[in-house]
Structure formats: structure tokens, C-alpha cells
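First comes the structure, then the notes that go with it.
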Amino acid sequence: MVDQQAVFAVDLGGTRMRGALISPEGDVLVRDTVPTQASRGEPAAMRRLAGLLERMSTAVPGVEVAGIGMALAGPVDPVAATVHNPPNLPTWDGTSPTADLSTNVSVPAWVHNDASLAALGEFVYGIGQGMSNLVMVTLGTGVGGGLVLDGKVYGGLRGFAGEIGHLVVEPAGPPCPCGGCGCLEVMASGTGLARMARERLEAGESSIVLSMARGEISRVRAETLVRAEARADRLASEVLRAGGRYLGIGVATLRSVLDPEMIVIGGGVASNSHIFWPAMAASARVHGMRGDKATLPVTPTVLGDDAGLLGAAAMAWGELGVGPSYLK
Ligand SMILES: [Zn+2]
Numbered sequence: 160m161v162d163q164q165a166v167f168a169v170d171l172g173g174t175r176m177r178g179a180l181i182s183p184e185g186d187v188l189v190r191d192t193v194p195t196q197a198s199r200g201e202p203a204a205m206r207r208l209a210g211l212l213e214r215m216s217t218a219v220p221g222v223e224v225a226g227i228g229m230a231l232a233g234p235v236d237p238v239a240a241t242v243h244n245p246p247n248l249p250t251w252d253g254t255s256p257t258a259d260l261s262t263n264v265s266v267p268a269w270v271h272n273d274a275s276l277a278a279l280g281e282f283v284y285g286i287g288q289g290m291s292n293l294v295m296v297t298l299g300t301g302v303g304g305g306l307v308l309d310g311k312v313y314g315g316l317r318g319f320a321g322e323i324g325h326l327v328v329e330p331a332g333p334p335c336p337c338g339g340c341g342c343l344e345v346m347a348s349g350t351g352l353a354r355m356a357r358e359r360l361e362a363g364e365s366s367i368v369l370s371m372a373r374g375e376i377s378r379v380r381a382e383t384l385v386r387a388e389a390r391a392d393r394l395a396s397e398v399l400r401a402g403g404r405y406l407g408i409g410v411a412t413l414r415s416v417l418d419p420e421m422i423v424i425g426g427g428v429a430s431n432s433h434i435f436w437p438a439m440a441a442s443a444r445v446h447g448m449r450g451d452k453a454t455l456p457v458t459p460t461v462l463g464d465d466a467g468l469l470g471a472a473a474m475a476w477g478e479l480g481v482g483p484s485y486l487k
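To get my numbering, take the position in the sequence shown, counting from 1, and add 159.
As C-alpha cells, then:
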């Protein structure tokens, strides 16, 4: 007997795949994780996901899985449901993960970029409930971005819009893996902050960051800087302040272009550093338009790591006709 319907939501990253059965209200009924093992190829990963779904369905008796929503770490063409050169999933270029998964489990499936779906998760189940526009910026190894405009995930011409990490915030900045230079991703991501600190240490600056990294400059991480900041370390504080300022330039630019109701910021540095957030806010005001200086509609994520998973669920429910479609 079917007591309840759920969708299988998947957050598919370079190292792990998180799965959950989620109700239309956004309640997580069960969750589990399996390794991606991306190098073994996309079909093998989809077979592992099908196994995960089977185990989770057994764990919740009476639940019927109506569809699948997948948040994937990389550019996705949402119409063709194909993946385009995902940096964290080498050899997956051109594959159709949801098509392959659907043949294993025979329910409809939809896929979109993970940062776009993190924005949708916050929009439907998080801080953005009741709003019509929301922008999400996620700071991690890179900088992800997602746009929900007038109630729809905005994908642009090919589904690749929302690459907020590649806004140029420092024209003289270092090269970015995207092919540009001085992007937000190289100036404010965890990787970018660690690089700035390492460069200063290599130039001979003294800082407790070095001893915290056991004397090895290559071991310096953004988290090391946050810990050193708590001990009033000058180098760590200056690097985090600089990163916050660069994010503020990005925030001001997003406001000028999109005038969103809310800009949601995710990631450990933004929430754990006491310097980064105020530096971002001050810079967003300095670089913002005159009328934008009094207010700053920027907030930390409320869903945290679950934003992408819940966005994948919201997308699937919408495409199944339970609630509005967020794609078209
Ligand atoms: Zn870039």
C-alpha cells in the first residue's frame, strides 16, 4: 500500500553522491551517501545510484518514488539533459546521467547544475520562501552561482547562466581555470584565499598560519586562515578582508544587474570568519549604486549543504505537476 509519495533527490559531486527521499513539503524521509568514483565512468555511477535508491525505498515502507531530481556539479544542458565538460567529473562530457538512471529505475528524471538548484532550494524551502527573485553564491573550492528570476531557474541561452564565480572583480588578477583572469573564483574562493596567503608566506612574511600548517606552505587552507584570524593574525585577517571585499564587488554588480530580493551566500568561510562578512558588506555598499547603499539584501544560507538536494527535489516536484514548474 502506498502511504506517501516522494522524489529521489541526488546531489552529485566529484567525490560523493548524496541521495534522499523528499516529500513535496521538503521533508527528508531518508538520506544516504555513496562514492561517485567518477573515473569509473558515468554508467557505473548511475548503477550505484539505482542501488542506493533501492536500499532507501526499502528503508521507508509505503513510500512510492514518483520521480528523480539531480543536482550535478558541472555545466548541464537542462533541455538535452547532457553534461558539458564537468571539471570534477572527467570522462563524463556528453553523457546523460538522468537518461541512464531512468532506464535503471523507470521513473522520470530531471537534471540541472548544482548551484542553480541550490538557489532553487533556498527559493522554495529556505530563506526565499514567498519571494520572486533570489541569487545564490556558494563559496567553496570554487565559487558557484545560481539565479532564480521571476520564479524560474534562469539558465540563459544554453542553460549555463549564473556563473557568478567568473564575474571579473580584479582586472589585474591571476588566471582563472575558466580561461579568464581576476574572476571572483580566484579572488574569494577557499582556493583563492589560500593562494593569496601562500604567496605572502613565500615572499617571507611571518604569520602563525605557517606553524598552523605544520611549517609547510602547501598545507595552508582557507580554514587555516579562519583559525588564525581568531588569534588576531595579521596576514590571515588581511587575506580574509581582501576576499570579503572582492565578494562585495560581486554582490554590488549582481544588485546592479538583477535587483534581486535576496542574495544568499553559502560556504564555510563566509559563515565562520568574523572578518570576511563585514568586509563583504562594506565593499558591497562602497561599490553599489547610490540608492542601494542603505539596504543590503544579503544573507547566509539557511539550508547549508542541503540546498542543492532540496532544489533537486523542488525541480522534480514541479516537473511532476506538484506545484509550479521552476524550469519553464
Ligand atoms: Zn573564471
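Built from N, CA and C at the ideal position, the CB exists for glycine as well. Predicted, not measured: the structure shown is a model, and the values here were computed from it.
Residue i CB to nearest heavy atom of ligand 1 below 6 Å
i, result
"H325", "yes"
"G489", "Residue 489 is absent from the model: the chain starts at 160 and stops at 487."
"E329", "no"
"G339", "yes"
"E344", "yes"
Per DSSP, cross-strand counterpart(s) of residue i
i, result
"W436", "In DSSP, W436 forms no bridge with anything."
"R380", "In the DSSP output, where bridge partners are listed per residue, R380 has none listed."
"D170", "R177, A230"
"D236", "T241"
"V193", "M176"
"H271", "A230"
"C340", "P334"
"I424", "V296, P459"
Whole-angstrom distance between residue j and residue i, CA atom to CA atom
i, j, result
"R357", "L316", "39 Å"
"M439", "T257", "38 Å"
"A389", "S396", "9 Å"
"T174", "P249", "12 Å"
"G374", "I367", "9 Å"
"G339", "V385", "28 Å"
"L188", "P245", "30 Å"
"L352", "G402", "7 Å"
"D170", "P220", "23 Å"
"R378", "G172", "23 Å"
"V166", "V238", "20 Å"
"D236", "G363", "46 Å"
"V445", "V457", "15 Å"
"G426", "E382", "11 Å"
"S182", "V398", "42 Å"
"S265", "A331", "51 Å"
"G310", "E478", "14 Å"
"L486", "W476", "11 Å"
"E329", "G480", "44 Å"
"L394", "G299", "20 Å"
"A429", "R380", "14 Å"
"R206", "V327", "40 Å"
"P194", "A453", "46 Å"
"L455", "V416", "15 Å"
Heavy atom of ligand 2 within 6 Å of residue i beta-carbon
i, result
"T257", "Although ligand 2 was asked about, the structure shown includes only ligand 1 as ligands."
Beta-carbon proximity check, residue i vs residue j, cutoff 7 Å
i, j, result
"A218", "N263", "no"
"M346", "Y405", "yes"
"A179", "L468", "yes"
"E344", "G324", "yes"
"G450", "R414", "no"
"D259", "P202", "yes"
"V277", "A466", "Residue identity check: residue 277 is Ala in the sequence provided, not Val. Yes, these two residues count as a Cβ contact at 7 Å."
"S261", "G321", "no"
Within-7 Å CB hit, residue i to chain B
i, result
"G427", "Given the protein chain composition of this structure (a single chain), no chain B is represented."
Report yes or no: do three or more beta-carbon pairs, one from the stretch 221 to 230 and one from the stretch 285 to 295, lie closer than 8 Å?
With the cut-off at 8 Å, the stretch 221 to 230 and the stretch 285 to 295 do not touch.
Quick test of the definition: if touching needs 3 or more C-beta pairs under 8 Å, does the stretch 440 to 453 touch the stretch 297 to 312?
no
Would you say the stretch 417 to 425 touches the stretch 290 to 300, given that touching needs at least three Cβ pairs under 8 Å?
yes
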